[in-house]
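Let me begin by presenting the structure, written as structure tokens, before commenting on it.
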Amino acid sequence: DRIAFDRSTIGNVVDRLVRKKLLRRRADPRDRRVRRLHLTPAGRALLEQALPDVLAAQRAIVAPLSPEEEELLLRLLRRLVGLDPVPVAPDGKEEP
Numbered sequence: 128d129r130i131a132f133d134r135s136t137i138g139n140v141v142d143r144l145v146r147k148k149l150l151r152r153r154a155d156p157r158d159r160r161v162r163r164l165h166l167t168p169a170g171r172a173l174l175e176q177a178l179p180d181v182l183a184a185q186r187a188i189v190a191p192l193s194p195e196e197e198e199l200l201l202r203l204l205r206r207l208v209g210l211d212p213v214p215v216a217p218d219g220k221e222e223p
């Protein structure tokens with residue numbers, strides 16, 4: 128729900144990451160029906176390698192915006208994917 132992927136899509140993504148040995152699944156010791164996902168050492172290394180480029184790309188995308196515009200953009204994007212239910216007025220303020 129947090130990343131707005133449906134179950135079949137995220138299941139396929141997880142399956143591919145497991146096959147590439149970037150993630151591993153483990154049964155939850157308290158509820159064997161639940162599978163927990165854990166980064167493998169290779170997954171952690173890839174994440175650490177990619178993170179600086181991801182952050183640089185994010186900074187480049189919002190570079191033309193003022194801090195207030197950047198915040199408004201992020202609030203609107205969160206609303207679009209259902210992470211922020213608070214309506215946003217055209218002036219950027221929260222609607223009552």
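Using my numbering, the final residue of the sequence shown is 223, and nothing's skipped along the way. C-beta: ideal position from N, C-alpha, C; glycine also.
CA-to-CA, the gap between L199 and R159 works out to about 42 Å. For V145, the enclosing alpha helix (DSSP H) covers residues R134 to R146.
With respect to the 9 Å criterion, L178 and T167 are not classified as neighbours on the basis of their beta carbons. For L182, the enclosing alpha helix (DSSP H) stretches over residues P168 to V189.
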